[in-house]
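All residue numbers for the sequence shown refer to numbering that gives the first Met the number 0, where the first residue is 0 and numbers rise by one.
Here's the structure we're looking at; comments come further down.
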Amino acid sequence: MTTDQTPLAPRQLAQEVRPPLVRIIESPQRDWGIWLLLWVALMGISFALDGVLGSGLQFFQRGDLKRELAALGQWGQLSSLVIVGVLLVSLQTRRWRRLLDLALAAGLTWFVSLLFKTGLGRLRPRLETPYWFDGSIVQASDPAGHPGEPFSQYDLSSFPSSHTSAAMVLSLFVALLWPRLWGFALVMLVLVGLSRYAFEAHWASDVLGGATIGFLVGYPILRGLFGVRLCDWVWKVLFDRGDAPAIADVVSAEQAALRRTD
C-alpha cells in the first residue's frame, strides 16, 4: 500500500519483492551492456570452436562417477521440480503460490527450447558435424551431404540444451526464494551443463544457449510473479470478479520470508 492506501497494481506489487539476486541484476549502477557483449562473444567463440572442442569427457564416463553425474544432471526435470515443490509446501506453506510462477517459467522455457530445436535442427555430437542444420527454419542445402544413417528427430535436436535451460529456471527459483542457497543453485546448474557436454549429448554452445534461454524466459516470469498474476486474472474472469487478488498475500509472504533471511 502507498501512504494514501491506494492499492498497487499487480506489476507494482511484484516490484516490491526484491531478494538479493534481484538487487544485483537490477542495480542501476551495473552496466549490463558490457556483460551482454561479453556473453554474446563467449557464445560466438564457443560456436566457432565446437568443431575443435568436440563433445564428451571420458573422465566422467565411468562407474559411479557417471551414475552420480547423470542423476545430478536431472536437476530441473520433473522429479526435481516435484521435490522442490514438496519442500516449499511442507516448510513454508504460505509461499505455495510461487509454484505457479515456477510451473509457468518451466513450461514456457520448455516450449521456447522446443521451438529452437525443431526450427534449427542441429545435429547432435555423436554425428560429429557441429555446423550442419536441418530444421523447419534452417534447412540443409544438401540433405544427403552427411554420411551415415537417416537422422531421427532426436539427432536433429542439439540446440539448445533443454536440460540446461530447465536447470537455469529451477536454479533461479531456488536462488530467488532462498537467497542463502544461491551457491547450491549455481553448482547444480553447472553440473547439469557439464553432464550434457560430458555425456556427448550436446555441443558446448548448446549448453550456453540453453542457459541463455532459461534465463531470458525464466527470470522475468519468476521476478514478475507472472504465474500468480495469470491465475489471478483467470480467476477474476471466470469465477469471481470481486474477489481480492492473491498476489497481495504472495508479496506479503515473500517480504516476510526475505526479512527472516537478511
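For each residue, glycine too, the CB sits at the ideal point set by N, CA and C.
Around the Cβ of residue i, are there at least 16 other Cβ atoms within 10 angstroms (buried) or fewer (exposed)?
i	result
L41	exposed
F279	In the structure displayed, the chain extends from 0 to 261; residue 279 sits before or after that span and is not available.
A243	exposed
L175	buried
T260	exposed
F8	Sequence check: residue 8 is Ala here, not Phe. That one is exposed.
A143	Residue placement at A143 is poorly supported in this model, since its pLDDT is 48, which falls under 50; the coordinates still yield a value, given next. Looking at its Cβ environment, which holds fewer than 16 other Cβ atoms inside 10 Å, A143 is exposed.
T92	exposed
R179	exposed
G50	exposed
A203	buried
F233	Here the sequence assigns Val to residue 233, which means Phe is not the residue at that position. Answer is exposed; the Cβ neighbour count stays below 16.
K235	exposed
Give the secondary structure of residue i by DSSP, where H, G and I count as helix, E and B as strand, and everything else as coil.
i	result
R121	strand
F132	strand
P273	Because the chain here runs from 0 to 261, residue 273 falls outside it and cannot be looked at.
E199	coil
Q264	For the chain, the structure presents residues 0 to 261; residue 264 sits outside this window and is missing.
G226	helix
G127	The identity of residue 127 in the sequence shown is Glu, whereas the question assumes Gly. Coil, per DSSP.
R96	coil
L257	helix
S157	coil
S151	coil
Q60	coil
W34	helix
W177	coil
V111	helix
R10	helix
P18	coil
Measure the C-alpha to C-alpha separation of residue i and residue j and round it to an integer number of angstroms.
i	j	result
V85	A255	20 Å
E15	L48	43 Å
P124	G62	22 Å
A13	G53	43 Å
V227	A245	7 Å
I220	D100	6 Å
F269	S45	Because the chain here runs from 0 to 261, residue 269 falls outside it and cannot be looked at.
V39	A252	37 Å
G43	L257	38 Å
V83	L190	18 Å
A37	D30	In the sequence as presented, Ala is not what sits at residue 37; that position holds Leu. So the alpha carbons of these two residues sit roughly 12 Å apart.
A247	L126	52 Å
L64	Q57	11 Å
R240	D231	10 Å
E25	D133	38 Å
S135	G55	28 Å
Indicate whether residue i and residue j have their beta-carbon atoms separated by less than 9 Å.
i	j	result
L107	L98	no
R121	S156	yes
L68	F183	no
G192	T163	yes
V249	R96	yes
A165	Q60	no
W181	V168	no
R10	G223	yes
V265	V216	Only positions 0 to 261 of the chain appear in the structure, and residue 265 is not among them; the question remains open.
L171	Y218	yes
P129	T211	no
L113	S161	yes
L188	W74	yes
L103	F214	no
L80	A105	yes
The ligand SAH heavy atoms versus the CB of residue i: any closer than 8 Å?
i	result
A245	The ligand content of the structure shown is nil, which means the ligand SAH is not present either.
Report the residue ranges of all alpha helix (DSSP H) runs contained in full by the region 63-94; include only those spanning at least 4 residues, in chain order. 77-90
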